[in-house]
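Quick note on the working numbering: the sequence shown kicks off at 146 and runs consecutively.
The beta-carbon is built from N, C-alpha and C at its ideal position, and this holds for glycine as well.
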Amino acid sequence: LPTVIIMGRPNVGKSALFNRLIRRREALVYNTPNDHVTRDIRDGVAKLGDLRFRVLDSAGLEAEASSGSVLGRTAAMTGDVLALAQCALFLIDARDGLQAMDLDVGKWLRKHAPGIKTIVVMNKAELLDDISGSLAAAAGEAYTLGFGDPIALSAETGFGMTELYEALRPSLEDYVLQVINDEDMLDSGSAGDEDVDSKLPLQLAIVGRPNVGKSTLLNALLQENRVLVGPEAGLTRDSIRVQFQYEGRDVYLVDTAGWLERTKQDKGPSSLSIVQSRKHLMRAHVVALVLDAEEIARARRSMKHTEVVIARRAVEEGRGLVVVVNKMDLLKGKQSSRMYESVLNAVPEEIQTVIPQVAGIPVVFVSALEGKGRVAVMRQVVDTYEKWCRRLPTARLNRWLRKVLLKSSCSFAVMEAALKFIKYFTQVKARPPTFVAFITGKVQLSDTELRFLTKSLKEDFDLGGIPVRIMQRNVL
Ligand code: GDP
């Protein structure tokens, strides 16, 4: 197994992350006798989406580390172990901001682990958010550690684990591909080339409450009865991995049986399926959330609580979201035509209200029963996926930036303040698209400025409807 080591000063939450990654309380603890002190490191097998890796928690070092020179001792110990690792997770506390000791850990890693991919992880980020800008500010600071794009997460609540997955995946990819091959999911897999991204198999999750028509839609997508459909609970139990082709593209349905089973049990308190949903959302690139048109026509709100939670979570976790309003055939009668109209309007409006941070999330109206869903749904799914995979060349982004800044200085004088200090703009990552604005001096982009940039970026590069992230980094 590939090995990932968790590093960081005391109290940043290394053990919490370790526990979350191994998903159980106990772990093997092994002692590494080093001189006359015995230090231990916890060692476990982590599961994160389809990634499996060995994870080492260096938290056991803390006791003695804090009694002497942290780095001296940590170094002696971890040096040996580090040699085993492919990847280091460098944990910091998102709320505390960078501490002197964090900088030391960073220096140490740079010196002793130059060949190891280091990912800065901002833990305890559950209270920070994009809207107030606190997350962006913390990320900007974390960026100055010099290890690239930081990940914000909460080991305590599980928020952001998808990002961790996305960040780790490239380093551990070879191993994943091997596993996938073993499972006959992919006969030839190569990743890495930027243009290849959107040609990688698309992982689609079809989610929604019981009886909205997920299985029926699935059948329409598969164009064959591979999945049983019916109102009774627990009918869907075959193939966990379903694959089909759409316009020459491989599409994998993510743990469909699991989803259907769990959501069918969703009759009672829905917390279980919501908790479970995170895991599945994490494996999906695009989430198709299915709603029932007839229910919407009858109710005053289009989305039930569970649906709002799933939609929000999909976006928070950086997934592409497509909303599918099913059973439109039931609204076709004469007296329903007004209902039909109102459903057409109500759903996009409500989506916009519950997820204000992403404008233009696609909504498709279908009748899975009449077999009319396939093309409409897949067109949006593929379109969303392609946007989600898009990589914009830095030169183009910077030409764009100059135009946008010019435009903003004419039309929006207030904005000049921090915007004009952006020297350079670059995309650091796709899936979902993530950008960094490099800003001269200590200025921070305001929320309005960030929103303005995001909006312009989305409009000018046709990135509407998908989560796009912009972080800032201050440079001298
Ligand atoms: P799931 O629980 O979300 O998988 O829902 P199913 O696919 O099992 O569908 C639940 C019920 O709704 C079944 O009786 C389907 O025949 C019915 N149904 C599904 N899609 C449609 C549709 O587009 N129109 C109508 N009228 N009924 C549908």
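**Study point:** residue 282 (DSSP reduced to helix, strand or coil)
**Key:** Position 137 of the sequence shown, counting from 1, holds the residue named residue 282. Residue state, collapsed to three classes: helix.
Exercise for review: Specify the secondary structure class of residue 595 as computed by DSSP and reduced to three states.
Suggested key: Position 450 of the sequence shown holds residue 595. Residue state, collapsed to three classes: helix.
Check your understanding: Candidates 485, 519, 163: which alpha carbon is nearest residue 440's?
Key -> As a first step, residue 440 is located in the sequence shown; it is residue number 295 there, counting from the start. The candidate whose alpha carbon is nearest that of residue 440 is 485.
Review point. Is DSSP giving residue 448 helix, strand or coil here?
Key: Taking the first residue of the sequence shown as position 1, residue 448 is located at position 303. In this structure, residue 448 counts as coil in the three-state DSSP scheme.
Review point. Tell me the DSSP bridge mates of residue 393?
Key: Here residue 393 corresponds to residue number 248 of the sequence shown, with the count starting at 1. In DSSP, residue 393 forms no bridge with anything.
Practice item. Would you identify the three-state DSSP class for residue 437, choosing helix, strand or coil? Key: In the sequence shown, counting from the first residue as 1, residue 437 sits at position 292. In the structure shown, residue 437 sits in a strand (DSSP, three-state: E or B).
Point to revise | Three-state secondary structure (DSSP) of residue 615 | key: On the sequence shown, position 470 is the one that residue 615 refers to. Of the three classes helix, strand and coil, the one that applies to residue 615 here is strand, per DSSP.
Exercise for review: Quick one: residues in its chain with C-beta nearer than 6 Å to the C-beta of residue 194, no 5 flanking neighbours on either side, listed in chain order?
Suggested key: Counting from one through the sequence shown, the residue named residue 194 turns up at place 49. The beta carbon of residue 194 is closer than 6 Å to those of 310, 427, 428 in its chain, skipping five residues each way along the sequence.
**Study point:** Start and end residues, alpha helix (DSSP H) containing residue 490
**Key:** On the sequence shown, residue 490 is found 345 positions in, with the first residue counted as 1. Run containing residue 490: 482-499, per the alpha helix (DSSP H) assignment.
Check your understanding: Taking DSSP as the reference, what is the three-state secondary structure of residue 349?
Key -> Residue mapping note: residue 349 aligns to position 204 of the sequence shown, counting from 1. Of the three classes helix, strand and coil, the one that applies to residue 349 here is strand, per DSSP.
Check your understanding: Under 8 Å between the Cβ atoms of residue 566 and residue 572?
Key -> By 1-based counting over the sequence shown, the position of residue 566 is 421. By 1-based counting over the sequence shown, the position of residue 572 is 427. It is not a contact, given that the beta carbons lie outside the stated cut-off.
Check your understanding: Comparing the C-beta of residue 543 with each C-beta of chain D, is any distance below 8 Å?
Key -> Of the protein chains in this structure there is only one, and it is not chain D.
Review point. Per DSSP, what kind of secondary structure is residue 292 in: helix, strand or coil?
Key: Start at 1 with the first residue of the sequence shown, and residue 292 comes out as number 147. DSSP places residue 292 in coil when its eight states are reduced to three.
Practice item. Tell me, please, which residues DSSP counts as bridged to residue 567. Key: By one-based count along the sequence shown, residue 567 stands at place 422. The partner list for residue 567 (beta bridge, DSSP) reads 584.
Practice item. Indicate, with yes or no, if the ligand GDP has a heavy atom lying under 7 Å from the CB of residue 357. Key: Within the sequence shown, the letter at position 212 stands for residue 357. Because some heavy atom of the ligand GDP lies under 7 Å away, the Cβ of residue 357 counts as near it: yes.
Point to revise | Cα-Cα separation between residue 446 and residue 460, rounded to whole angstroms | key: As a position in the sequence shown, residue 446 is number 301, starting the count at 1. As a position in the sequence shown, residue 460 is number 315, starting the count at 1. Whole-angstrom Cα-Cα distance: 20 Å.
Point to revise | Alpha-carbon spacing of residue 328 relative to residue 399, whole angstroms | key: Looking up residue 328 in the sequence shown gives position 183. Looking up residue 399 in the sequence shown gives position 254. Confidence at residue 328 is low in this model, with a pLDDT of 35, below 50, so the placement of that residue should be treated as unreliable; the coordinate-derived value is given next. Each residue's alpha carbon lies about 14 Å from the other.
Review point. Name the DSSP bridge partner or partners of residue 297?
Key: If you number the sequence shown from 1, residue 297 lands on position 152. Paired residues: 267.
Check your understanding: Does the ligand GDP have even one heavy atom less than 7 Å from the beta-carbon of residue 514?
Key -> Locating residue 514 in the sequence shown gives position 369, where the first residue counts as 1. Because some heavy atom of the ligand GDP lies under 7 Å away, the Cβ of residue 514 counts as near it: yes.
Check your understanding: Which term fits residue 458, buried or exposed, when burial requires 16 or more other beta carbons within 10 angstroms of its beta carbon?
Key -> Against the sequence shown, residue 458 aligns to sequence position 313. Residue 458 is buried by the Cβ-count criterion.
Review point. Is it buried or exposed for residue 620, if we count other Cβ within 10 angstroms and need 16 for buried?
Key: Here residue 620 corresponds to residue number 475 of the sequence shown, with the count starting at 1. Flag for residue 620 reads exposed.
Point to revise | residue 430 versus residue 464: straight-line alpha-carbon distance, rounded | key: As a first step, residue 430 must be located in the sequence shown, where it is residue number 285. As a first step, residue 464 must be located in the sequence shown, where it is residue number 319. So the two alpha carbons sit approximately 6 Å from each other.
Check your understanding: beta strand (DSSP E) containing residue 465: first to last residue?
Key -> Reading the sequence shown from its first residue, position 320 is the one you call residue 465. First-last of the beta strand (DSSP E) with residue 465: 465-471.
**Study point:** Residue nearest to residue 264 in terms of C-alpha spacing, selected from 616, 297, 473
**Key:** Position 119 of the sequence shown, counting from 1, holds the residue named residue 264. The option with the nearest alpha carbon to residue 264 is 297.
Check your understanding: Contact between the stretch 358-367 and the stretch 465-477: three or more CB pairs below 8 Å?
Key -> yes
Check your understanding: Would the beta-carbon of residue 472 be found less than 7 Å away from any heavy atom of the ligand GDP?
Key -> For the purposes of this step, residue 472 is taken as residue 327 along the sequence shown, with counting starting at 1. Yes, Cβ of residue 472 sits closer than 7 Å to a heavy atom of the ligand GDP.
Review point. Just to confirm, does residue 478 get its C-beta within under 7 Å of one of the non-hydrogen atoms of the ligand GDP?
Key: Position 333 of the sequence shown, counting from 1, holds the residue named residue 478. No, the beta carbon of residue 478 sits no closer than 7 Å to any heavy atom of the ligand GDP.
Review point. For residue 627, which residues from the same chain have a beta carbon less than 6 Å from its beta carbon, with the 5 sequence-adjacent residues on both sides left out?
Key: There is no way to answer for residue 627, as the model of the chain reaches only from 146 to 621.
Exercise for review: Please classify residue 528: does DSSP put it in a helix, a strand, or coil?
Suggested key: Sequence index remark: in the sequence shown, residue 528 carries index 383 (1-based). Correct three-state label for residue 528: helix.
Review point. Any chance the stretch 606-618 sits against the stretch 581-591, with 3 or more Cβ pairs inside 8 Å?
Key: Touching, yes.
Review point. In chain order, what residues of the same chain have a beta carbon less than 7 Å from the beta carbon of residue 546, not counting five sequence neighbours either side?
Key: By one-based count along the sequence shown, residue 546 stands at place 401. So the list reads 567, 570, once near-sequence residues are dropped.
Check your understanding: What did DSSP end up calling residue 229 once you bin it into helix, strand or coil?
Key -> As a position in the sequence shown, residue 229 is number 84, starting the count at 1. Residue 229 falls in the coil class under three-state DSSP.
Check your understanding: Per the contact definition of three or more C-beta pairs closer than 8 Å, is the stretch 531-539 in contact with the stretch 512-521?
Key -> no
Review point. Taking 7 Å as the line, does the beta carbon of residue 349 fall inside it for any heavy atom of the ligand GDP?
Key: Locating residue 349 in the sequence shown gives position 204, counting from the first residue. Outside the cutoff, so no.
Check your understanding: By how many angstroms is the C-alpha of residue 594 removed from the C-alpha of residue 540?
Key -> Position 395 of the sequence shown, counted from the start, is the residue given in the question as residue 540. Position 449 of the sequence shown, counted from the start, is the residue given in the question as residue 594. Residue 540 and residue 594: Cα-Cα distance of roughly 22 Å.
Review point. Mind checking whether residue 578 and residue 608 have CB atoms under 8 Å apart?
Key: Reading the sequence shown from its first residue, position 433 is the one you call residue 578. Reading the sequence shown from its first residue, position 463 is the one you call residue 608. In this structure, residue 578 places its C-beta atom within 8 Å of the C-beta atom of residue 608.
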